[in-house]
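Participant: Note that numbering that gives the first Met the number 0 gives residue 450 to position 451 of the sequence shown, counting from 1, and the numbers run on in steps of one.
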Amino acid sequence: MILSCGQAFAADSTLGPWTISADRLTSYTNPERFEAEGDVVISRTDSLTGSGDPLTIKAESVTYYPVDATITARGHVFLEDSGSKVEASTATINLNQRTGSLSNTTIFLVDHELRFSGERVEKIGEASYRFHDGTATACRPHDDHAPDWSIHCSEAKVTIDGMAYLKHATLDIRDVPVLYTPFLALPAKTTRQTGFLFPEFSHSTRNGSGLITPFFIAVSPSSDLTLYPGFFSERGGFTGLEARFIASPSTKGTVIFTTLQDRTEDTLPAGGSNDYRGDGVLRTRQDRYWLGGKMDHGFSERLVMHLDLDFVSDQDYLHEFRDGMAGFEENDQEFRDTFNRGIQEASLNFRESIIQLAGQKDHTSAGIEARYVANGANAPSLAPATHTLPRIKLSHRHPIADLPVSIGWDSEYDLYRQSDDTLIHRLDIFPRLITPLPMGRYLEGAVQGGLHETFYRVEEGDTTTLPGGNGNRNSWELKLTTATTLARDLVFDTEIPTSLTHTFRPGLGYTFIAPGDQNNLPDLDQLDRINPKNNISWQLNNNFLLTETMANASLASRHFGSLKLSQEFDLNEARRDLSIPGDHHRPFTDLDLDLEAYPLSALSFRYQTGLNVYGKGITHYELTGNYRDSNGNRLTIDYTYEKNVSRDLSLATTVRLSKRFSTRYSTTRSLQENHKTGESLSFIYTPQCWEMKLTATEDSEDRRVLLVFSLTGIGKALELNQSGL
């Protein structure tokens, strides 16, 4: 056939809804076509058509047939849209139907490390492909060996932002097949979408074999649900539901509910082999559950709400199910990461659910709170639960006319309801005057004083707590403070110009508190008992700021450390009558020291201690150290000492032994009782595209070994959990 050739030129051209650019563009007739060569780019965008997803096709050469809108692309062919990138050696595509065929093809998912490849691929839709003899992996290709892992199949249908369905799939380690399944579904999502997540397998002597198969439901772009249906062979059916939403950084919420229809119960005498944790409280109920959640809502910058939920069926539930995707530890960490507050410790029998509303404007802040306390142990020996329904707080501070005096006002109303139907009202009012003290240019000071008044009323239930049902207490309070600030720069003649700024702030204070009679009043929290004070206090605060001059003449400053000393002198103790032979005045409190040091940006220490000045030595101290470098090595040490009470050591470390291998170790020990509270050792192997983690843990109740394999782009592929070792 003789072809007639038109003009050849470098140009950009519009072909219907598509644009084409190339180094050389030639038009032909009989048949009508365009030949594009050299950095060919064909694209379609929303602005051109008003509909459809953006698509860009790049190749070394392209032949375009306008009659049926078909192109044949050759040489380093790339197809790119908002959800994926496709690479092939050749491709024939109908631009209108978005279908065709490709050879030697690889699909890369945007923001997703998993990729699919095959020699013969059909494009069966706008975002769907069918692979024949396909492969899926997240490992980079190697010239000297096969990928560390890959999944081979006879056929695969891949829908971008959907799922990949594989037939007759085998999981290969290098070139060795280790697992086979006739059907496998993998995520090919670039956005959140409904579907099954990887299941969790477990085994322990107490629970038997377990399986949890989470199912994720994308309700909307800002909310989702996850269902956790499961089963434990020795315990029974397990069900969980997690709901999450994020409307804005200040408005978000997560609620999780798990339940177990337990076949077992504590039937032996307290302290027997079936008394879990040996706490003397037997669990007899079989419908066990936990409801926990957090929610924040920002009505405005000055008005926020916080909600915490925590209800549990029995004292053992959170301990027995600490691990796993729906367990205590994982949810506690998720709450801390999302809401900056976690779940109450699992050992607490009284579980508090709280809703708070707090607002602030100008010189006034207000808040209202309701607190419900549930008896999680269901043990009759525990004291009655006390609920706060509600608590209302109001604080205000405002200057008085043109005087150098301001008025401060703190007030709080509480309605306590006990589980024995006792109602206790408490109104606490603390007005005070605050004024600066004129002490010259180099000294600053302030004085404040007021009357602290508390009223009680007990009604219904047990009124023996407060004879007559009513009571009150008043307390006079006076505080004076004075301080000064001195600063000096120390310059060091080093290779890098460095200076150390030392800020020294000594201060004196006086506190006088004279509470009225409060012995016969209710004692519900720390506000109900005010200790008398007639004390003089002193403190020496030292802060150090290190500043270095960088090569570009910019200054880099960081906190280098601080040293704080403080002590009080009790005037009442100094004047106390010595009525017992051998008794002595001891008006000085312990000398408190707080030392912080940051010798390196990655290293910090803190030492807090109290020294008794009457010959009893150090009464308490806490030493903490933290190291964290850019390579991932970490070390945390926390040692606490309370004289004649406790000596506890906590240590956690992560050591990066090589680029791929690291180890983690943590332990908590009571040195006073020579008792190990908990210990854990992990070995983590992390090549480029998968991870293996072997963890051994031991606590007072159990020993467990956990082996987890995770595949990049897929997630947790296999988990083996053996306890009761």
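By construction, the Cβ of each residue, glycine as well, lies at the ideal position given by its N, Cα and C atoms. Keep in mind that this is a model prediction, so the values were computed, not measured.
Here's a check: name, in chain order, each residue in its chain whose Cβ is nearer than 7 Å to the Cβ of residue 38, leaving out the five neighbours to either side.
Facilitator: Excluding sequence neighbours, residue 38 sits near 21, 22.
Participant: Helix, strand or coil for residue 302, going by three-state DSSP, please let me know.
Facilitator: In this structure, residue 302 counts as strand in the three-state DSSP scheme.
Participant: Rounded to a whole number of angstroms, what is the C-alpha to C-alpha distance between residue 688 and residue 325?
Facilitator: Between residue 688 and residue 325, the C-alpha separation is close to 26 Å.
Participant: Quick one: grab the DSSP three-state call for residue 577.
Facilitator: Coil.
Participant: Put residue 690 into one of helix, strand or coil per three-state DSSP.
Facilitator: Note: residue 690 maps to strand in three-state DSSP.
Participant: Evaluate contact between the stretch 380-399 and the stretch 329-339, counting only Cβ atoms and requiring at least three cross-stretch pairs below 8 Å.
Facilitator: No: fewer than three Cβ pairs fall under 8 Å.
Participant: Sort 570, 428, 654, 593 by Cα distance to residue 585 and report the nearest one.
Facilitator: Considering only alpha carbons, the answer is 570.
Participant: For residue 56, which residues does DSSP report across the bridge?
Facilitator: DSSP output for residue 56 lists 41, 78 as bridge partner(s).
Participant: In whole angstroms, give me the CA-to-CA distance for residue 141 and residue 172.
Facilitator: So the two alpha carbons sit approximately 14 Å from each other.
Participant: How would you call residue 711, buried or exposed, if buried means at least 16 neighbouring beta carbons within 10 angstroms?
Facilitator: Under this definition residue 711 is a buried residue.
Participant: What is the rounded straight-line gap between the Cα of residue 217 and the Cα of residue 243?
Facilitator: Between residue 217 and residue 243, the C-alpha separation is close to 10 Å.
Participant: Report buried or exposed for residue 457, applying the criterion of at least 16 other Cβ atoms within 10 angstroms of its Cβ.
Facilitator: Flag for residue 457 reads buried.
Participant: For residue 146, count neighbouring C-beta atoms within 10 Å of its own C-beta (all shown protein chains included) and say buried if the count is 16 or more, exposed if not.
Facilitator: With 16 or more other Cβ atoms within 10 Å, it is buried.
Participant: What are the uninterrupted segments assigned as alpha helix (DSSP H) that are 4 or more residues long and contained completely in the stretch 309-376, given in chain order?
Facilitator: With a minimum length of 4 residues, the continuous alpha helix (DSSP H) runs that stay inside the stretch 309-376 are 316-319, 327-338.
Participant: In angstroms, rounded to a whole number, what distance separates the CA positions of residue 228 and residue 198?
Facilitator: Looking at the two C-alpha atoms, the distance is approximately 10 Å.
Participant: Taking the C-alpha atoms as reference points, what is the distance between residue 350 and residue 160?
Facilitator: One C-alpha to the other measures close to 42 Å.
Participant: Taking just the CA atoms, how far does residue 447 sit from residue 404?
Facilitator: Rounded to whole angstroms, residue 404 to residue 447 spans 10 Å at the Cα level.
Participant: Suppose contacts are defined by Cβ-Cβ distances below 8 Å. Is residue 506 in contact with residue 546 by that definition?
Facilitator: The answer is no: Cβ separation not under 8 Å.
Participant: Please report how far the alpha carbon of residue 143 lies from the alpha carbon of residue 238, in whole angstroms.
Facilitator: Cα to Cα, residue 143 sits roughly 47 Å from residue 238.
Participant: Could you tell me the distance, in whole angstroms, from the CA atom of residue 58 to the CA atom of residue 77?
Facilitator: Cα to Cα, the separation comes out at about 6 Å.
Participant: Could you tell me which residues DSSP pairs with residue 555 in its beta bridges?
Facilitator: 547.
Participant: Buried or exposed for residue 97, going by 16 or more other Cβ atoms inside 10 Å?
Facilitator: It is buried - the Cβ of residue 97 has at least 16 other Cβ atoms within 10 Å.
Participant: Under the rule that 16 or more other beta-carbon atoms within 10 Å means buried, what is residue 261, buried or exposed?
Facilitator: Buried: at least 16 other Cβ atoms inside 10 Å.
Participant: In or out: residue 251 buried (at least 16 other Cβ within 10 Å) or exposed?
Facilitator: Burial call: buried.
Participant: Since residue 26 and residue 33 are thought to touch, with beta carbons under 8 Å apart, how far apart are those beta carbons, to the nearest angstrom?
Facilitator: Contact holds; Cβ gap of about 5 Å.
Participant: Roughly how many angstroms separate the alpha carbons of residue 556 and residue 549, rounded to a whole number?
Facilitator: Using only the alpha carbons, I get a separation of about 10 Å.
Participant: Can you tell me whether DSSP reads residue 174 as helix, strand or coil?
Facilitator: In this structure, residue 174 counts as coil in the three-state DSSP scheme.
Participant: Apart from the five residues just before and just after residue 158, which ones in its own chain have a Cβ nearer than 7 Å to its Cβ?
Facilitator: Correct list, in chain order: 126, 127, 187.
Participant: By the three-class DSSP mapping on this structure, what secondary structure does residue 595 have?
Facilitator: Note: residue 595 maps to strand in three-state DSSP.
Participant: Please work out which residues of its chain come closer than 6 Å, Cβ to Cβ, to residue 433, disregarding the five sequence neighbours upstream and downstream, and give them in chain order.
Facilitator: So the list reads 405, 407, 447, once near-sequence residues are dropped.
Participant: Going by alpha carbons, who is nearest to residue 544 out of 598, 285, 154?
Facilitator: Looking at the Cα atoms, 598 is the closest of the given residues.
Participant: Sort out for me which residues DSSP pairs residue 387 with in a bridge.
Facilitator: Looking at the DSSP assignment, residue 387 forms a beta bridge with 370, 415.
Participant: Is the separation between the beta-carbon of residue 436 and that of residue 449 shorter than 8 Å?
Facilitator: Their beta carbons are not under 8 Å apart, which means residue 436 does not touch residue 449 by this criterion.
Participant: On the three-state DSSP scale, how would you describe residue 731?
Facilitator: This structure leaves residue 731 out entirely; the chain is present only between 0 and 724.
Participant: Helix, strand or coil for residue 165, going by three-state DSSP, please let me know.
Facilitator: Here residue 165 sits in strand by DSSP.
Participant: Since residue 168 and residue 151 should fall inside the 8 Å C-beta cutoff, what is the C-beta to C-beta distance between them, to a whole number of angstroms?
Facilitator: Sure, about 7 Å apart at Cβ, within 8 Å.
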